[in-house]
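Number of protein chains: 2
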Amino acid sequence: MDLVAIGTVGYDSVETPTGKAEKQLGGTAVYLCLAASYFCKVGMVAATGRDFLPGYLDLLQSKGVDLEGLQQLEGETFHWGAKYHQDLNVRDTLFTHLNVLLDFTADLPPAYREAPFFFLGNIDPALQLHVIEQAKNPVFIGMDTMNYWINSEKYRPNLMRVLQKVQGIFVNDEEARDLSGEYNLVKAAAEIHKMGPQHVIIKKGEHGAMLFSDDSIFFTPAFPLELVDDPTGAGDSFAGGFMGYLTTQKRLDNAVMRQAMVYGSALASYTVEGYSVNRIVELNQQLVDERFQAFYNLMDFKK
Amino acid sequence: MDLVAIGTVGYDSVETPTGKAEKQLGGTAVYLCLAASYFCKVGMVAATGRDFLPGYLDLLQSKGVDLEGLQQLEGETFHWGAKYHQDLNVRDTLFTHLNVLLDFTADLPPAYREAPFFFLGNIDPALQLHVIEQAKNPVFIGMDTMNYWINSEKYRPNLMRVLQKVQGIFVNDEEARDLSGEYNLVKAAAEIHKMGPQHVIIKKGEHGAMLFSDDSIFFTPAFPLELVDDPTGAGDSFAGGFMGYLTTQKRLDNAVMRQAMVYGSALASYTVEGYSVNRIVELNQQLVDERFQAFYNLMDFKK
C-alpha cells in the first residue's frame, strides 16, 4: 500500500446553480482515494452503514481503491446536504447526519500500517492521532481539519498534537485564519509552521491554492472552466492528487512539492466539472497529464 | 512620447485596517503614469484645480512624467474618499467630489497625438472616444471602465464604440460580469472579446489577474505580502506597468503580453505596500526586476 487515506464515505445531496444531485456517492475519503488512484495503490479507512449501495463499492474497487480498511457498521451511512451560492466559494450546509461515523474507530488493517504515506481527512483529531500511532514508518503524513475542531476547547488540544506529527496540512483560508489567529495568509502560514507542519497548503477554492514551505511560496490558480457543476470534493481531490503524486517520487524536494500542487489542482479541476464523483471516476493518466500541461500553459512566462 | 495615459488626478482620503491617509496624492492617471515611468516616457492627460499642491507636480516630474497634458482648471481638485474592509477586496466609497473633472475635455497636446501607446483610464466613454479620435497612429490602446458607465443607458453606447477601437480592456471581475452579462469569467471574457478588444484582462484584486487572448489564458496571482497598507491604485499601477512594459517591446506577441501581466502585477504589489503613492514613487529598475523575478519563483514549476 502506497497511501492510506482516512475520512468519510457517505451520501451527498447538493444543490448548485446548475442543478441538483440527491444522495450521491460522496465523502472525503472517496474523493481522496479516487484522485490518488491515478497515481498509486491507495487504501481507504472509513465506515459505511448497512444501507450503503454495493454498486458504489464496486465502483471504488474498479478504480483500484483498496477497501480492506472500509468498515461496515450497524446503522445508516453518513449523509450530508448543502446548497451552493452563485459564488461557488460559498455554501450553506443544510444537514449533517453523522450516523455510523459516531462509531468509527479508524483502526488500520495490518497491511496499511506499513504504508509510507498517510492522509488524515477532516475527522475528530483523536481519530487522526490514533491513525498516526498505528503508522509504523511514515514518510509523509498530510492532514485536513475544519473550524469545528479548531475552535473547540475540547478538540483543539488533540488537534495541536496531530499538527506536531504531520509534514503537511491542507486547510482553506478561513481555517488557516482561525487556526493561526492571523488574517493575513502569509502570517497565518508562518504561525501554522510553528505548530509543526513543514508544508502549509492553503486552499482558496476558485481562487487557487498556495504552498508555504520553509522560505518558498508557490501559487496555483484554480483552472479556468466555463462550467462548474459541483464544487463538492474539490479540496479532497486536490489533497488526493497531491499525495498520490508524492508517492511516485523518490525525493520530496521543493520541485516535487510544486508539481504535487499542480497535480492536486488538476484533479480538483476535473472533479468540479461534474456532480458527485461522475467526472473524477472517468479520468485516465492521459487526461490527468493533459490537465497538468494545461496548468503549465496557464502559468508559464519567460523572459 | 511612448505612452499617453488619460485619467484622474486628485486627492484620496482612505481608511484601511492598518490606518488612515487624508487628502493624499491619488487618481488613476497618477498611478498609471508612475508605474509606467519605470519603463518609458509617459505623458499624463488629466485636470487639476487651483488648489493642487505644487509639490505633487514636482514629484511627478521628478519621476519623469510629462505634464504637458495636465490642465489646471478653475475650481477644486477631484477628491475621493473610501473605507476598506478587513477583506481588502471590499471597500465603501464615502464620497466622490468630481469638482474640476466636470470641465475636463481630454484634449491632447500635439506631441501626444503621435504616441504609439495609449491608456484610457476610467472616465466618461465620450472622453475616451475623443482621445482615440486624436490619436494619429496608435499601436495599442488599453482601457479601463466601471459599472457606472457599463450599466447606464446614457453612457453605454459610447462605451461600446470605445470597445471597438481598443486592443486591450482592463476590468475587475464584477465589471466583466456586468459588461458581458455572464457570471462565469471564462464566458464573460469570450463575450467581451466579441465587443472588440483582442486582449481581455480581468483583475481580481488580491486574487490575481487573468489575461484572455485568442485561445490562450494566462494567470498571475497577487503577490503574497505580509502587510498591505492601502490597495488604492493597485489596478491602475497594474495597467501602467503592463502598458509601460509593452512600449519597450518590438513585437506584442503572447509571450510579451504574459511578461506585461507580471510586470503589471509587480507594480501593483509595490503600490499596496504603502499609503497613497508613497511606495510606488521610491522604486527603481532593480526593485521592479526583483519583484518580477519573485513572481517567477512564485509560479515556476517544471517536470
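Here the protein sequences line up with chains A and B, keeping their order. First residue of the first sequence: 1, per this note's numbering; consecutive thereafter. First residue of the second sequence: 1001, per this note's numbering; consecutive thereafter. Each residue gets a CB set at the ideal place from its N, CA and C atoms; glycine is no exception. Owing to the predicted nature of the structure, the values given are computational and were not obtained by experimental measurement.
N- and C-terminal bounds of the beta strand (DSSP E) containing residue i
i: A/Phe212; result: 209 to 213
i: A/Arg91; result: 91 to 97
i: B/Asp1144; result: 1140 to 1144
i: B/Thr1220; result: 1216 to 1220
i: B/Ile1169; result: 1168 to 1172
i: B/Ala1135; result: Run containing B/Ala1135: none; DSSP gives neither H nor E here.
i: B/Tyr1011; result: 1010 to 1016
i: A/Ala5; result: 3 to 6
Residue environment, residue i, which counts as buried when at least 16 other CB atoms sit within 10 Å
i: A/Asn137; result: exposed
i: B/Ser1050; result: Here the sequence assigns Arg to residue 1050 of chain B, which means Ser is not the residue at that position. Looking at its Cβ environment, which holds fewer than 16 other Cβ atoms inside 10 Å, B/Arg1050 is exposed.
i: A/Asn184; result: buried
i: B/Arg1251; result: exposed
i: A/Tyr148; result: exposed
i: B/Asp1012; result: buried
i: A/Leu53; result: exposed
i: B/Thr1093; result: exposed
i: B/Ser1152; result: exposed
i: B/Glu1206; result: buried
i: B/Val1288; result: buried
i: B/Val1090; result: exposed
i: A/Ser216; result: exposed
i: A/Asn122; result: buried
i: B/Ala1111; result: exposed
i: A/Thr8; result: buried
i: A/Leu227; result: exposed
i: B/Gly1055; result: exposed
i: B/Leu1060; result: buried
i: A/Asp236; result: buried
i: B/Lys1203; result: buried
i: B/Gln1144; result: A small fix is needed here, since residue 1144 of chain B is Asp in this sequence, not Gln. B/Asp1144 comes out buried.
i: A/Leu159; result: buried
Cut-off 6 Å between Cβ atoms - residues of its own chain near residue i, not counting five sequence neighbours on either side
i: A/Gly168; result: Gly142, Pro197, His199
i: B/Phe1104; result: Ala1047
i: A/Met195; result: Leu163
i: B/Trp1080; result: Asp1012, Thr1096
i: B/Pro1116; result: Val1139
i: B/Glu1282; result: none
i: B/Ser1305; result: Examination of residue 1305 of chain B is not possible in this model, given that chain B is present from 1001 through 1303 alone.
i: A/Tyr245; result: Phe39, Ala260, Tyr263
i: A/Phe242; result: Ala260, Gly264
i: B/Tyr1155; result: Pro1125, Trp1149
Residue range of the unbroken alpha helix (DSSP H) whose run includes residue i
i: A/Ile150; result: 147 to 150
i: A/Gln198; result: Unbroken run through A/Gln198: none, as it is neither H nor E.
i: A/Tyr245; result: 234 to 247
i: B/Leu1120; result: Segment 1117 to 1120 is the beta strand (DSSP E) holding B/Leu1120; no alpha helix (DSSP H) there.
i: A/Val262; result: 254 to 271
i: B/Phe1295; result: 1285 to 1299
i: A/Arg156; result: 156 to 163
Other residues of its chain near residue i: CB distance less than 8 Å, five sequence neighbours each side excluded
i: B/Leu1098; result: Phe1078
i: A/Arg161; result: Pro125, Leu129
i: B/Glu1022; result: Ser1013
Residues of its chain near residue i, where Cβ-Cβ distance is below 7 Å and the 5 sequence neighbours each way are ignored
i: A/Ile192; result: Ile169, Ala176, Leu179, Ser180, Val200
i: A/Gln134; result: Leu108, Arg113
i: A/Gly208; result: Phe219, Thr220, Pro221, Ala222
i: A/Gly10; result: Gly26, Gly27, Thr77, Phe78, His79, Trp80
i: A/Met239; result: According to the sequence shown, residue 239 of chain A is Ala rather than Met. Here the set comprises Leu32, Phe119, Gly142, Asp144, Phe170, Gly264.
Note to self: For the pair the region 1024 to 1033 of chain B and the region 289 to 300 of chain A, tell me if three or more CB-CB distances fall below 8 Å.
What the structure shows: no
Notebook entry, point to check: Within the chosen definition, does the region 1059 to 1068 of chain B reach the region 268 to 286 of chain A through at least 3 CB pairs nearer than 8 Å?
Noted result: no
Check: Counting only runs that start and end within the region 1022 to 1101 of chain B, where is the beta strand (DSSP E) found for 3 or more residues in a row?
Finding: 1042 to 1048, 1070 to 1072, 1078 to 1084, 1091 to 1097
Check: Pairing CB atoms from the region 217 to 236 of chain A with CB atoms from the region 2 to 18 of chain A, are three or more of them under 8 Å?
Finding: yes
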